[in-house]
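Reading through the structure tokens given below for one structure.
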Amino acid sequence: MTNNVNDLSVRLSQAGIPLNEPTSPAQLQTPWFVRALQAFSGWLAALFLLGFIAMGVVFVVESPAASLGLGLVMIGAAYGLFCKARGDVLEHLALAVSLAGQLLIAWALVEFWNVSTYLWWSLLALQCALALVMPSQVHRTFSAFAASLALYMALAVNTMAPAAGGLVLLALALLWLNEFRCPGRIQDVQAWGYGLLIGLLVMQGLAHSGHSFAFWFDAQSTNAFAWSAPWLNAVFVALSLWRCCSIPSLIPKPIGGCISVL
Amino acid sequence: MASTRRELIPLIEQGVIPPEQVTRAVQASGLHPSPRAWALFIDRLLLWLGGLALAFAVLFFIAYNWAEMGRWLRFDVVQAAMVLAVGIAVWHKASPMVQRVALTSATLLVGVLLALFGQVYQTGADPWQLFFTWALLALPWVWVARFELLWVLWLGLLNLVVGLYFRTWGGPFGVLVSSDAALWGLFGLNTLALATWEWGARCRNWSRQWALRLLAVGSGVPMTLLTMRLIVDAGLVWSPMLAIYSLWLAVLYGVYRYWRPDLFMIAGGCVSALTVTTLLLARLLLWEGDWQEGSLLLITIAVLAMGAGAVVWLKRLHREISQ
Chain H
1095 MTNNVNDLSV RLSQAGIPLN EPTSPAQLQT PWFVRALQAF SGWLAALFLL
1145 GFIAMGVVFV VESPAASLGL GLVMIGAAYG LFCKARGDVL EHLALAVSLA
1195 GQLLIAWALV EFWNVSTYLW WSLLALQCAL ALVMPSQVHR TFSAFAASLA
1245 LYMALAVNTM APAAGGLVLL ALALLWLNEF RCPGRIQDVQ AWGYGLLIGL
1295 LVMQGLAHSG HSFAFWFDAQ STNAFAWSAP WLNAVFVALS LWRCCSIPSL
1345 IPKPIGGCIS VL
Chain Z
695 MASTRRELIP LIEQGVIPPE QVTRAVQASG LHPSPRAWAL FIDRLLLWLG
745 GLALAFAVLF FIAYNWAEMG RWLRFDVVQA AMVLAVGIAV WHKASPMVQR
795 VALTSATLLV GVLLALFGQV YQTGADPWQL FFTWALLALP WVWVARFELL
845 WVLWLGLLNL VVGLYFRTWG GPFGVLVSSD AALWGLFGLN TLALATWEWG
895 ARCRNWSRQW ALRLLAVGSG VPMTLLTMRL IVDAGLVWSP MLAIYSLWLA
945 VLYGVYRYWR PDLFMIAGGC VSALTVTTLL LARLLLWEGD WQEGSLLLIT
995 IAVLAMGAGA VVWLKRLHRE ISQ
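See the structure below:
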């Protein structure tokens, strides 16, 4: 690893890029599967915590306003914990508290609006806000994943589900193309990117397996623009390719042209 | 590319590369593929898609034209495609990649031929026999191809055989119920494959990449499910299963901590232990208890403690292994 870094430093120096002395010691990156373990146990703990709240403070679950209020307080507390967290234990606790808070908010929104467009758009807004604000890579990844699923469901309610994949792909392309734009936020961009990528894979899996949750919505939803969803999807995919091809160092023009035509 | 990215990001984050030079540094690092790398990628992608599409096209062509085609014509088409694929694989001018694509297509065509045989002659064979014969006949090609993906596909076929066999016949001598027997079968098969692959990696320089991890998942999931099943059915009672599970965890730790350090395997063991322990706590405190809110809080704390402990420990191991 050290030799490789030295090779890279030599290459950068040869390209005329001035290199400074490191201002902070090198941090060893946590492998993805350790983060996945953290997310899994946080999610599991959140479920039991929610069960505790449902049994211990029954009125909270029975009243949508109380659920919403407690959910927001828990997310606020989780944010505070993340900001103060100096170790994995507190970060873990914050993750579980935040996930339980999100479930409470989702529960309140279901009580308010049932399974409707408003529910999914509200969840999408919540997850986008959390993905932006929460100072934890695992949380950002989870929120980006949940946001992509909320978008899919919001569009599915309006019989526009086929457009969701293209939209997420476009967001994904824009994120990875701008990975190094803000040197201080590279890890954040990667966390969002991985979350959206998992969401996109789930959407594609649903589309190919034929389980698009359409049975939930078909009875009550109609949309005069439903016919345009596949075309919108194609436009988003083409836009993604166009963005990739607009960076010659990423995809050479002849290859980009061929892919666009295909 | 992944390693270049891993090397570049710490340099940016530590301030070694000035912020205004990041764009140039990304270009100079070779992070983005060169035109030649792109051409190679597209060339291989089209080769693979073409090879697989041709193999599946034979299947769909016969299925669609079933009524119009005679028995011999159906067999002729599949066998001719198979001979063509094998012919390309043994052609001395074919590159190793073309040979692999051809042998993968030939392996798929064996399955098509066996399905055709079963359909035409209505042999009445059980489904597991079809897949077992397929795996048996494809073995020589898989062997000579020396190709990781083809080995994994072949092992996937064997997994299917084991699952279908135990669904049909249940466990040997009626000692095991059928689904347990299937899980034991999958555990035995994948653990044997994992041990063999590890031996090959050590003694024959076989590749130690994603396939080993996939096999470890194939070994760990059935073992975890067997233990969970025991807990759901009987709770915390003495059973040889518990001893076997503990032994499996200990061997996993010993092998992948000291003999072949691999954090992924140890993390997998942690996930398994976390899941089993949580289920055991839920069984003891909730199902056998009174569903008190205090029990739920206790389990929450236990899960948090186990998860955080595992992450702290794995990070420490990661530092030790990386040094």
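Protein chains in written order, with our numbering: chain H, 1095 to 1356; chain Z, 695 to 1017. We treat Cβ as the ideally placed atom computed from N, Cα and C, and that holds for glycine. What you are looking at is a predicted structure, and each value in this text was computed from that prediction instead of being measured.
A straight line joining the alpha-carbon of Ala1301(H) with that of Trp1336(H) spans about 24 Å. Residues of the segment 739–750 of chain Z whose Cβ lies closer than 9 Å to any Cβ of chain H: none.
Counting only unbroken stretches of 3 or more residues, no beta strand (DSSP E) element lies wholly within the segment 1239–1294 of chain H. In this structure, the beta-carbon distance from Thr994(Z) to Phe1153(H) does not fall below 7 Å. In the DSSP assignment, Met1168(H) falls within the unbroken alpha helix (DSSP H) covering Pro1158 to Lys1178. Under the three-state reduction of DSSP, His726(Z) is assigned to coil, being neither helix nor strand. With contacts defined by Cβ atoms closer than 7 Å, Leu831(Z) and Val814(Z) do not form a contacting pair.
Distance check between Ala905(Z) and each of Phe841(Z), Phe860(Z) and Trp932(Z) places Phe841(Z) closest, using alpha-carbon atoms only. Counting of Cβ neighbours within 10 angstroms places Ile756(Z) among the buried residues, the total reaching 16 or more. Around the beta carbon of Asn853(Z), a 10 Å sphere encloses 16 or more other beta carbons of the protein chains shown; the residue is thus reported as buried. Remark: C-beta atoms of Ala761(Z) and Ala779(Z) do not approach each other more closely than 7 Å. Counting only unbroken stretches of 4 or more residues, the alpha helix (DSSP H) elements lying wholly within the segment 832–877 of chain Z are 842–863, in sequence order. In the structure shown, the three-state DSSP call for Asp956(Z) is coil. CA-to-CA, the gap between Phe826(Z) and Leu1213(H) works out to about 50 Å. Inter-residue distance for Arg730(Z) and Leu739(Z) is about 14 Å (C-alpha atoms, whole angstroms).
Taking the Cβ atoms as the reference, Ser1192(H) lies roughly 6 Å from Ile1169(H), within the contact range of under 8 Å. Taking a contact to require three or more Cβ pairs closer than 8 Å, the segment 989–1008 of chain Z and the segment 973–980 of chain Z qualify as touching. Counted as a single uninterrupted DSSP element, the alpha helix (DSSP H) harbouring Lys1009(Z) occupies residues Glu987 to Ser1016. Within the segment 908–978 of chain Z, the complete alpha helix (DSSP H) runs of at least 4 residues fall at 934–948 and 957–976. Three or more beta-carbon pairs drawn from the segment 1105–1119 of chain H and the segment 701–713 of chain Z are found closer than 8 Å, and the two stretches are therefore classed as touching. Neighbours of Gly1001(Z) in chain H, taken as residues whose beta carbon is under 8 Å from its own, are Leu1131, Gln1132, Phe1134, Ser1135, Gly1136, Leu1138, Ala1139 and His1186 in chain order. Taking a C-beta distance under 7 Å as the contact criterion, Asp1182(H) and Val1006(Z) qualify as a contact pair. Scanning Gln1298(H), Ala1133(H), Pro1119(H) and Leu1122(H) for the CA closest to the CA of His1186(H) turns up Ala1133(H). For Asn1114(H), the C-beta contacts it makes with chain Z under 7 Å involve Gly709, Val710 and Pro712, in order along the chain.
The beta carbon of Pro1229(H) does not come within 7 Å of any beta carbon belonging to chain Z, so the residue lies off that interface. Annotation: Leu1102(H) to Thr698(Z) spans about 8 Å, alpha carbon to alpha carbon. The straight-line gap separating the alpha-carbon atoms of Trp742(Z) and Leu844(Z) is approximately 13 Å. Judged by DSSP in its simplified three-state form, Ala819(Z) adopts coil rather than helix or strand.
Residue nearest to Ala1238(H) within the set Leu1269(H), Phe1274(H), Thr1117(H) and Gly1299(H) is Leu1269(H) (criterion: CA-CA distance). Cβ neighbours of Ala749(Z) within its own chain (closer than 6 Å, five residues either side excluded): Ser799, Leu802 and Leu803. Against His1012(Z), the close residues of chain H are Leu1122, Thr1124, Pro1125 and Val1128, in the order they occur along the chain (beta-carbon pairs closer than 8 Å).
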